[in-house]
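Heads up, the sequence shown is in the working numbering, so the first residue is 687 and it goes up one at a time.
Even for Gly, the Cβ is constructed at its ideal location relative to N, Cα and C.
Quantities reported herein were computed from a predicted structural model and do not represent experimental measurements.
Down below is the structure, laid out as structure tokens.
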Amino acid sequence: MYHGPRAEALGYFESLGFKCPPRRDVADFLLDLGTDKQAQYEVGGRGVTIPRTSSDFANALERSSIYQQVLADLNDPVHPGLIHDKETHMDTQPEFHQNFWDSTSLLVKRQMRVTLRDSAALMGRLFMNTIMGLLYASVFYQFDPTNSQLVMGVIFASVLCLSLGHSAEIPTTMAAREVFYKQRGANFFRTSSYVLSNSASQLPPIILESVVFGSVVYWMCGFVDTVGAFLLFLAMLCITNLAYTAFFFFLASASPNFNVANPISSVSILFFILFGGFAITKDQIPDYLVWLYWINPVAWCVRALAVNQYSDSSFDTCVYGDVNFCESFNQTVGDYSLTMFEVPTEKFWLWYGIVFMAAAYIFFMFLSYIALEYYRYESPENVTLDSENKGDVSDDYDLMRTPRGSPTEIEAVVTIVPDSEKHFIPVTVAFKDLWYTVPDPTNPKDTIDLLKGISGYALPGTITALMGSSGAGKTTLMDVIAGRKTGGTIRGQILLNGHPATDLAIRRSTGYCEQMDIHSESATIREALTFSAFLRQGADVPDSYKYDSVNECLDLLNLHPIADQIIRGSSVEQMKRLTIGPTSGLDARSAKLIMDGVRKVANTGRTVVCTIHQPSSEVFSVFNSLLLLKRGGETVFAGELGKNASEMIAYFESIDGVANLEDNYNPATWMLEVIGAGVGNSNGDKTDFVKTFQESKHFQFLQSNLDREGVSRPSPSLPALEFSDKRAATELTQMKFLLQRFFNMYWRTASFNLTRFFVTLVLGLLFGITYISAEYSSYAGINSGMGMLYLAVGFLGIVSFNSALPIASQERAVFYRERAAQTYNAFWYFFGSSVTEIPYTFGAVLLFMAIFYPMVGFTGFGSFLTVWLVVSLHVLLQAYIGEFLVFQLPNVEVAQILGMLLALIWLLFMGFSPPAGDLPTGYKWLYHITPQKYTLAAMSTVVFGDCPSGGDGSDVGCKHMTNVPPSLPVDLTVKGYLEDVFLMKHSEIWQNCAIVLAFVVFFRVLTLLAMRFVNHQKR
């Protein structure tokens, strides 16, 4: 449309027939050209053909002298001086300002500072590892070194606890990646420097965690008491910890988003554990999968630490305790203990392990470099389903231009609209002498007044602008009026139609549109409005009227063309129109579209109060009244704006020392600059505007109008807003719409459910392929089978827990907003989320079972149904625990860390490693309150623990175990092994199922209480 000198732009467009009106921002004027708003600027002229389309504007520019001058400038030869400057100053500039070492050093300092400042995360990690170290040390306190299952279990659990806990850092790394993209794109530093600095910043906490955790576990559990073995133990833990930090850093760098990284993390952890050499030993792994064992860092670390333990000279003996291992097994104690888990006995495997872990660390760092250097996951923030403004087509959403408000009378008028013409009661909002006080953060004994005696009112059918600089108290005042403040002390009066406002009346009769667009993103725009219409209007209002109100909203905000579009992916402007109000982040044209919609809402007889920062002159003209605050929460101006803001302009121009408003200047911008709240501070420090206003006739006018009937005093014509019920809709209506919302959300959130079903499919295939030829009658075989069930229970639960966190945390903000308005009872939200999860959970577990159960050699339809039921209840429980933690804790990161701590504790006390029979008496209570214990017991006894008295002895439970170690009876059956070692009995299957169901009910009750009584919005 135009490219040329800035100073000539207005003259050029005047030559085309467009005139910028007085007091109209030039930028806003230019933005309107080429749209359906340009007609208001057309003045025409003799022989002038006004351009209408983008092609017309382009052709007009090509015919202009400005365009010819631009072409001439482009075709002129480059001045020799410019060439010299380019060669001297530009070509000599390096790609990066700093060399590699200086850049890396600077980044290391920055990353160290960032890491150390996140004290909550550091202390959380240290606390978690210390607690787990003490648990492991006390559970396995002074273990019997000849019980290789216990020793290997301690080693295996220690590696997992320290290393795999770093998966919780994925969200933080992905958030920091956005900053990296921006700074790397500007060549602030090399990618290699960034990768190295992240790794270096993790060294101090890794060393501290490894030393604290490793020292406690090593000495309390009773590993060999030599300094060399102890130092090698710590070194191996450190380097393994570092390697896995690099792995999860790579995963966060290479994944497009958290919804992809999270399930990949869960599946990768399963691979590390399954092929780590403990849950299933090397020779039990099929030949076509054994390569996974040899590339698994966990396996190399476990193998190295096992060799470090049993290669000590104290185990190079035949007799240990009462057993002669050379006579019984033709091996020394150390060799026998290692071969029980198919670990090689040569000591050089310890050094191979250290070399492999160092190589793995370097390899993962290199992969991170490749991912960050050559791939970018940068996409538009808003993707719409409909193309807008293609070619020469005018705006998709053609809004009629709203006439400016008529001049306001000198006397305030309280408009009373007959109820028969409206489905709502018009409300006059008034507030007198409002103070809001909070504790001083620097000195809790002192207080700070954020609002100081604010008074004002807003009438039906009008829009009141609430303006001021940052820190003036605009949002604070809105929160106080809307009853959203959760702390501090409020003094003063808030009135509705002259009656004191109750908390219920405010929440039931007002809609509070916050600056951020908070919606259930899986709903369509029509569904979101219908949800609000049915739940916020009383049961006495016919459904037909409620649907009419939805269509009214769609008409008022011109949302009909996109009414059936899903909210997720809508543009900023569309989201703001749906929210109705905030204009932050929009250009002047989009802000005007929003405010035109708000104007239509006010014209229906509703009362509107808007917080706005620095509107264009056209947006400012939509408002009827203004309440202007200065920093510190004091009133600078309150009153009618008048036509074209004439009342406000006249007031400020009457103040000594205030420069008059210049032509073609935005009155809103000028006003803010006058009081020192704008970009330019023309008079703010010289004049006491608060005192000036209090001495003005506008202040007296405000006080007199506040004292009118229907404003701050009751009026016989305006009844008090009283509500007999806390919520407008009936319980049945709340249940119906919340169930519908949750089912739609689950169905439309493909990344959630498709990922869940895909991961369960992968888990089923992975377990099935790994154990397809497994036998369960030998000592190693039954332990591998128990390990398989242990991992299946653990990881199905972990995947369910991790999948529940993102979707629950996204919806929590919507829940808080709607609950604050008393839209529905928390119970029905709880009911909807509970019911909707059930079919998806049972379906996903059925998919897993259909693959897993026959492939691993299990048989029996009745047994299949029993296992399906108990596993489904377990997976459902984990999803419910995830939702509980989201509502109970302040954010999803804390929920994930606590969830990981609980998972580690529960995995320890499930009764497999260590076996339930070997648990110390003092920890039996933890064993009994571990939910997974009952799921594992029910599964294990169904498939391994059945030996009916009248059977033929062919069941797995009836078979006598082979290759039994000397600590167990020779003729022990599989069923007896489960009962004696793991304390799992076939007769307790249904008791265990009932206990799992009881855990489900228990955590749902906790979730309901958290929804009802916990609110992490701090205002």
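Could you check which residue in Phe1595, Arg1505, Tyr1609, Ile1484 has the C-alpha nearest to that of Gly839? Phe1595
Could you please give the first and the last residue of the uninterrupted alpha helix (DSSP H) stretch that includes Lys1422? 1417-1434
Verify whether the separation of the beta carbon atoms of Ile1253 and Ile1211 is less than 8 angstroms. yes
Name the two residues that bound the continuous alpha helix (DSSP H) containing Ala1151. It is not in any alpha helix (DSSP H) - Ala1151 instead sits in the beta strand (DSSP E) that spans 1149-1154.
Between the Cα of Val953 and the Cα atoms of Thr832, Val1019, Gly1483, Phe1528, which residue gives the shortest distance? Looking only at Thr832, Val1019, Gly1483, Phe1528, the smallest Cα-Cα distance to Val953 is reached by Gly1483.
Endpoints, alpha helix (DSSP H) assigned at Gln1618: 1617-1629
Kindly indicate the opening and closing residues of the beta strand (DSSP E) around Val1115. In the DSSP assignment, Val1115 falls within the beta strand (DSSP E) that extends over 1115-1126.
Arg863 and Ala932: beta carbons closer than 8 angstroms? no
Can the beta-carbon of Leu812 be found closer than 8 angstroms to that of Ser879? Note that the C-beta distance between Leu812 and Ser879 is not below 8 angstroms.
Tell me whether Gly703 sits in a helix, a strand or coil according to DSSP, three-state version. coil
Same chain only: Cβ atoms within 6 angstroms of Met1459, ignoring 5 sequence neighbours per side: For clarity, residue 1459 is Ser in the given sequence; the question names Met instead. Within its own chain, no residue has a Cβ closer than 6 angstroms to the Cβ of Ser1459 once the five positions on either side in sequence are excluded.
Taking only the alpha-carbon atoms, compute the straight-line gap between Phe1429 and Ser1489 and give it to the nearest angstrom. 16 angstroms
Per-residue DSSP class, three states only, for Lys1033: coil
Count the other CB atoms within 10 Å of the CB of Lys1645; is the residue buried (16 or more) or exposed (fewer)? buried
DSSP state of Gly1039 mapped onto helix, strand, coil: helix
Spatial neighbours of Phe1387 within its chain, please: C-beta separation below 7 angstroms, excluding the five flanking residues on both sides. Within the same chain, Phe1387 has close Cβ partners Gly1325.
So Asp1135 is in the beta strand (DSSP E); what residue range does that whole segment cover? 1129-1144
Closest to Lys1412 by CA distance: which of Ala1191, Ala1565, Asp1374 is it? With distances taken between Cα atoms, Lys1412 lies closest to Ala1191.
How is Cys1296 classed by DSSP in three states: helix, strand or coil? Here Cys1296 carries a strand assignment [DSSP, helix/strand/coil].
To which residues of the same chain is Gly1529 closer than 8 angstroms at the C-beta, ignoring the five residues directly before and after it? Phe1443
Can you find the residues in the same chain that come closer than 6 angstroms, C-beta to C-beta, to Lys968, ignoring five residues on each side of it along the sequence? Correct list, in chain order: Tyr979, Glu1028.
Looking at Ser1054: is its Cβ nearer than 8 angstroms to the Cβ of Phe935? With contacts defined as CB atoms closer than 8 angstroms, Ser1054 and Phe935 qualify as a contacting pair.
Quick check: the Cα distance between Val1019 and Ile841, rounded to an integer number of angstroms? 18 angstroms
Beta-carbon separation (whole angstroms), Ile1675 vs Thr1627, contact threshold 8 angstroms: 6 angstroms
From the DSSP output, in three-state form, read off Leu1451 for me. The three-state reading of DSSP puts Leu1451 in helix, counting H, G and I together.
Grab the span of the alpha helix (DSSP H) containing Arg1222 for me, first residue to last. Segment 1211-1222, the alpha helix (DSSP H) holding Arg1222.
With 16 other Cβ atoms within 10 Å as the buried cut-off, status of Pro1600: Note on Pro1600: 16 or more other CB atoms within 10 angstroms of its CB, so buried under the neighbour-count rule.
In the stretch 695-772, which residue ranges form an unbroken alpha helix (DSSP H) of at least 4 residues, counting only runs that do not cross its ends? 695-701, 712-718, 740-748, 751-761, 766-771
Can you name the start and end residues of the beta strand (DSSP E) that Leu936 belongs to? One detail in the question is off: residue 936 reads as Phe in this sequence, not Leu. Segment 913-940 is the alpha helix (DSSP H) holding Phe936; no beta strand (DSSP E) there.
Which runs of the beta strand (DSSP E), 3 residues or longer, sit entirely within the stretch 931-996? none
How many angstroms separate the CA atom of Met1153 from the CA atom of Val1295? 11 angstroms
Unbroken beta strand (DSSP E) runs of length 3 or more, entirely within the stretch 1158-1191: which are they? 1175-1182
For Thr1321, the first and last residue of its enclosing beta strand (DSSP E): 1320-1326
So, with DSSP's three-state summary, where would you put Arg1399? strand
Hey, could you find the ends of the beta strand (DSSP E) Lys1316 is sitting in? 1311-1316
Residues near Ile1149 by beta carbon distance below 7 angstroms, same chain, minus five either side: Val1284, Arg1285, Ala1288, Val1294, Cys1296, Val1308, Phe1309, Asn1310
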